[in-house]
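Here's the structure we're looking at; comments come further down.
In our numbering, the protein residues as written are 47 to 281.
Here it is, written out as structure tokens:
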């Protein structure tokens, strides 16, 4: 059942998968949060693990950076490995006042400059959105855990380093965060019949360029990981 990018067998990956970009973050999650975890992939250093969190079987797989990369891994997870719930966990830049460093951004939908959805040959522009079920459970969980969060649309770009006028334009329509993966994730989930959600830790203020400190980043990334796992156990 292995693919060119994932050497797992069908039974090796759980129905619910957390998707960090960084392979070392995937390793960290397995080692610090999952019981009885087993590594199922290391091709291209896209580390993948399956274990148990509070008795729930959960997998974590690194996807790398950008829409093309997460597009490959999520296509295979849905179509080849029959995964049902995909939760992206990453970092983003905050685009609105009131979003503090370390706050969680939960993406209802994703604007984009990508042509990723052109492959579907739709007669218009695809609106790439999260699963309402996953979104609702995540918000309920954030409230219960008292984790500061913001819900809204994000701008998902193929380009990281751009002129400020680009993000400022997206901000005029209420966009709350800037990142590089959610559009590909949401498109694949909608097209191939899975549920998906993208959540982010705000690590930089787009207007002031103020960045979160390394110590605060680690603490708040733990908040995001816990939020994702606590959401996953409810599925």
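C-beta atoms are modelled at their ideal positions from N, C-alpha and C, and glycine is treated no differently.
Inter-segment contact for the segment 247-263 and the segment 159-166 is absent: fewer than three beta-carbon pairs are separated by less than 8 angstroms.
Annotated three-state conformation of residue 169 is coil, per DSSP.
Counting of Cβ neighbours within 10 angstroms places residue 210 among the exposed residues, the total staying below 16. For residue 200, the enclosing beta strand (DSSP E) begins and ends at 195-202. Under the DSSP assignment, residue 104 falls in the beta strand (DSSP E) whose first and last residues are 102-107. By the CB criterion at 9 angstroms, residue 127 and residue 75 fall outside the cutoff. Counting only residues of its own chain and dropping the five nearest sequence neighbours on each side, residue 166 has a CB closer than 8 angstroms to the CB of 172, 233 and 237. As DSSP reads the structure, residue 242 sits in a beta bridge with 132.
Annotation: residue 100 to residue 170 spans about 43 angstroms, alpha carbon to alpha carbon. For residue 152, the pairing in a beta bridge is given by DSSP as 197 and 245. Rounded to the nearest angstrom, the Cβ distance from residue 200 to residue 153 is 5 angstroms, consistent with a contact under 8 angstroms.
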